[in-house]
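Novice:
Protein chains: 2
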Amino acid sequence: MTLIHPVILCGGSGTRLWPRSRKIKPKPFLPLVGERTLFEATLARTADAAKFAPPTIVTGAAHLPHVEAQLGKVEGASIIVEPAAKNTAPAIALAAARLPEDAVMLVCPSDHHIADVPAFHAAIEAAASLARQDKMVAFGITPTHPETGYGYIRRGAAISGGFDVAEFVEKPDLERATAFLAAGDFSWNGGIFAFRAGAFMTELERHRPEMAAAVKRSVEAGSEDGIRFHPETATFGQIAGESVDYAVMEETRQAAMVPVAMGWSDIGSWQALRDARPGDAAGNRTQGRVELIDCRNVLVDSDGPRVSAIGLEDVAIVVDGDEVLVTTMEGAQLVGKLDGASKQ
Amino acid sequence: MTLIHPVILCGGSGTRLWPRSRKIKPKPFLPLVGERTLFEATLARTADAAKFAPPTIVTGAAHLPHVEAQLGKVEGASIIVEPAAKNTAPAIALAAARLPEDAVMLVCPSDHHIADVPAFHAAIEAAASLARQDKMVAFGITPTHPETGYGYIRRGAAISGGFDVAEFVEKPDLERATAFLAAGDFSWNGGIFAFRAGAFMTELERHRPEMAAAVKRSVEAGSEDGIRFHPETATFGQIAGESVDYAVMEETRQAAMVPVAMGWSDIGSWQALRDARPGDAAGNRTQGRVELIDCRNVLVDSDGPRVSAIGLEDVAIVVDGDEVLVTTMEGAQLVGKLDGASKQ
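In order, the protein sequence lines correspond to chains A and B. FYI, my numbering numbers position 46 of the first sequence as 48, with every residue one higher than the one before it. FYI, my numbering numbers position 283 of the second sequence as 285, with every residue one higher than the one before it.
1. Less than 6 angstroms between C-beta atoms, sequence neighbours within five positions excluded: which residues of the same chain meet that for residue 218(A)?
2. Can you tell which of 172(B), 173(B), 156(B) and 171(B) has its C-alpha closest to the C-alpha of residue 165(B)?
3. Just the Cα atoms here: how many angstroms apart are residue 321(A) and residue 103(B)?
4. Just by C-beta distance, which residues in the stretch 185-207 of chain A are closer than 7 angstroms to chain B?
5. Assuming residue 357(B) contacts residue 291(B) (C-beta within less than 8 angstroms), just tell me the rounded distance between them.
6. Does any residue of chain B have a CB that is nearer than 8 angstroms to the CB of residue 336(A)?
7. What residue range is occupied by the uninterrupted beta strand (DSSP E) comprising residue 8(B)?
8. With residue 39(B) and residue 31(B) assumed to form a contact (beta carbons below 8 angstroms), what rounded beta-carbon distance in angstroms separates them?
9. Which residues does DSSP list as the beta-bridge partners of residue 48(A)?
10. Where does the unbroken alpha helix (DSSP H) through residue 203(B) begin, and where does it stop?
11. Chain B partners of residue 17(A), CB-CB under 8 angstroms?
12. Could you give the first and the last residue of the continuous alpha helix (DSSP H) run that contains residue 226(A)?
13. In angstroms, rounded to a whole number, what distance separates the CA positions of residue 93(A) and residue 121(A)?
14. Can you tell me which of the three DSSP states residue 264(A) falls into?
15. Quick one: which chain A residues come within Cβ less than 7 angstroms of residue 330(B)?
16. My understanding is that residue 140(A) touches residue 167(A), with C-beta atoms under 8 angstroms, so please give their C-beta distance in whole angstroms.
17. For residue 106(B), tell me which candidate among 88(B), 79(B), 138(B) and 77(B) has the shortest Cα-Cα distance.
18. Measuring CB to CB, does residue 285(B) end up less than 8 angstroms from residue 299(B)?
19. Taking all protein chains shown into account, do 16 or more other C-beta atoms lie within 10 angstroms of the C-beta of residue 149(A), making it buried, or fewer, making it exposed?
20. At a Cβ threshold of 8 angstroms, is residue 157(B) touching chain A?
21. Give the straight-line distance between the Cα atoms of residue 270(B) and residue 81(A), rounded to the nearest whole angstrom.
22. Can you give me the C-alpha to C-alpha distance between residue 76(A) and residue 280(A), rounded to a whole angstrom?
23. Which of the three DSSP states is assigned to residue 277(B) in this structure?
24. Since residue 287(A) meets chain B, which of its residues come closer than 8 angstroms, beta carbon to beta carbon?
25. Can you tell me whether residue 88(B) is buried or exposed, with buried defined as 16 or more other CB within 10 angstroms of its CB?
26. Mind checking the stretch 9-39 of chain A against chain B and listing, in chain order, the residues whose C-beta falls within less than 7 angstroms of any C-beta there?
27. For residue 160(B), which option in 180(B), 261(B), 79(B) and 329(B) has the closest C-alpha, if you only look at C-alpha atoms?
28. Spatial neighbours of residue 116(A) within its chain, please: C-beta separation below 6 angstroms, excluding the five flanking residues on both sides.
29. Buried or exposed: which applies to residue 305(A), given that a residue is buried once 16 or more other Cβ atoms fall within 10 Å of its Cβ?
30. Quick one: list the residues of chain B neighbouring residue 345(A), beta-carbon separation under 8 angstroms, in chain order.
31. Hey, is residue 276(A)'s beta-carbon within less than 8 angstroms of any beta-carbon in chain B?
32. Might you give, ordered along the chain, the residues of its own chain that have their beta carbon closer than 7 angstroms to the beta carbon of residue 296(B), omitting 5 neighbours on each side?
33. Is residue 197(B) near the ligand FAD, judged by its Cβ being under 7 angstroms from some heavy atom?
34. Below 9 angstroms between beta carbons is the criterion; list the residues of the stretch 53-79 of chain B that meet it against any residue of chain A, in chain order.
35. Taking Cβ positions only, does residue 327(B) come closer than 8 angstroms to chain A?
36. Residues of chain A with CB under 8 angstroms from residue 340(B), in chain order?
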């Protein structure tokens, strides 16, 4: 069996996990769940050389020092340094244009958590099999609650190893999200995909010919520097940024999906982080020196000062250097709007 | 008119205002409401030389440096340094034994807040007049809510300038406290008293003869050191500590009370402190660098780090050095039970 090529997208700043996640040390590079960082855990999930080729990491100059420090010595790994942030479609296309046409790419964000790795691996097998048939394969995460912060995928007819995609649905309101869960044929779009590299480029050329051409030119005119690859800046800079969902998945007639329940979380807020960490009998999650009295489902995470809390429920307390954040779990969606998070 | 002699009791540690109030810098010596410390504000309320004699401060060795630093140069002030903490009855008796028999003492805790000082002064006039008639006068604070943390005074028959005391009532449960407020003839016992010095000693001799004798002996055998007076240690150390409420007020047939509504607070918890500070339109009180989103009736007090809070109501957030406290207002009663507060 041919190896699967992990393509790890390392962008984004994780402002909703401020003040722990900061511009100078963003979310993927923090040990938010367990002892490994999210990026290290992402690498580890596709490190088995019997199944996976060495990873391709697509990242920007700002994240590069963190990527190189945490990647360590992985034989054959390569890092594509995006000259500019252009969203996921050009990032994936850079990797696709660099890989052999028949390479099956597994595209993974670098800042998600997956609790059930065997379930993920089983889904990868199914997705790779569909990708080899030139399907554009989305991983459809079995939803556990009516989340309004994610896009949804409605599955269509069963095909071998997965399903056709009936439709991609933008972030719904709570009423629609609740209806999706009740309907049972909706999954979360977790931003994990499998493509044959050549097939991806063919679909991109069909639906976004300018983007495809610019990516190809910037790769042809790019330069290698050790394991780093630098696409040509001027050409890449002219690309109109767009997500792979818009540029390819919603356009292609080859869309497929593989449903998977794997304890997935995008760790997209302090609430999501709380839920991804194991709790004690009262549902509290603490890190650092903490004393709690009469608290339930509280997250406390301090990098130094002792935190003492009394009488709280569903509240997150985060201490990081000279910043203290206290938010309800509901309010955690607004963390990115705080001065501290937005004016770094 | 003869001058009134302020006697300011400077004991207690204020553990329920931890972590701002600490053993090394306790509650009376902190600027908790406004720019002056509670002790400084207590002095200022009786600083008018036309009405008040210089103050007598009764304190322990631990508080002495703070007392001397904040007292400043007050002509004629004296500091009685208690050899041991024996509660309020011996502390007041030390001052009574040192003052002329006909001096009218105004006994004030050093760590309370009074918003309406003219109302306090009017009550002092009435109380002093009763004290000159050898009444043991308690100030009865008009209650604003069914507080279960205070003792209550039920007033009896009206007398000139005040009332007889029908009974002193220990801290009630909520049901009784609510009934007290509805009844209308109950006041809080705020720990503020007026006595003629000689009359106080007479009543103490009658009801606690051993305490009175020991206090007198320790004063006679004591020594002066500048403005400090040190009672003799061994004798004072043998006294059984007791509050003035038990030792005198509940025993005497001379008890009287003067009702007063003066925006009084004992600043006995973070909730009480919040209520004593002026709030913004949403009822929030902030000190230090603070950003709030969707917060109501929140107290934030930081000595350094920025505090960002979202979605909270009736919560106190206090940052002091290496300690962070987050508590509901209801939970604030339990602050003293935290490791940080109890194991200083």
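Glycine included, C-beta positions come from ideal geometry on N, C-alpha and C.
Specialist: Reading off the structure:
1. Taken in chain order, the residues that qualify are 99.
2. 156(B)
3. 58 angstroms
4. So nothing in the stretch comes that close.
5. Outside the displayed span of chain B (3 to 346) sits residue 357(B), for which this structure offers no information.
6. Chain B places a beta carbon closer than 8 angstroms to that of residue 336(A), counting this residue as a contact.
7. 6-12
8. 5 angstroms
9. Note: residue 48(A) sits in no beta bridge, so no partner.
10. 199-209
11. Within chain B, no residue comes near residue 17(A); the closest Cβ sits about 12 angstroms away, beyond 8 angstroms.
12. Careful: residue 226(A) lies outside any alpha helix (DSSP H), inside the beta strand (DSSP E) at 225-227.
13. 26 angstroms
14. coil
15. Near residue 330(B) (Cβ distances below 7 angstroms), the residues of chain A are 312, 313 and 314.
16. About 7 angstroms separates the two Cβ atoms, so the contact holds.
17. Out of 88(B), 79(B), 138(B) and 77(B), the CA that lies nearest to the CA of residue 106(B) is found in 138(B).
18. Result yes, Cβ atoms of residue 285(B) and residue 299(B) sit closer than 8 angstroms.
19. buried
20. no
21. If you take the alpha carbons of residue 270(B) and residue 81(A), they lie about 60 angstroms apart.
22. 30 angstroms
23. helix
24. By Cβ distance, chain B contributes nothing, its closest Cβ being about 15 angstroms from residue 287(A), past 8 angstroms.
25. Buried, because 16 or more other Cβ atoms sit within 10 Å of the Cβ of residue 88(B).
26. Within the stretch 9-39 of chain A, no residue has a Cβ lying closer than 7 angstroms to any Cβ of chain B.
27. Checked all of 180(B), 261(B), 79(B) and 329(B); the closest Cα to residue 160(B) is 261(B).
28. 122, 264 and 266
29. Residue 305(A) counts as exposed, since fewer than 16 other beta carbons sit within 10 angstroms of its beta carbon.
30. What residue 345(A) touches in chain B: nothing, since even the nearest Cβ is about 10 angstroms away.
31. no
32. 312 and 313
33. Of the ligands one can find in the structure shown there are none, so the ligand FAD has no counterpart to examine.
34. none
35. yes
36. What residue 340(B) touches in chain A: 293, 295, 310 and 312.
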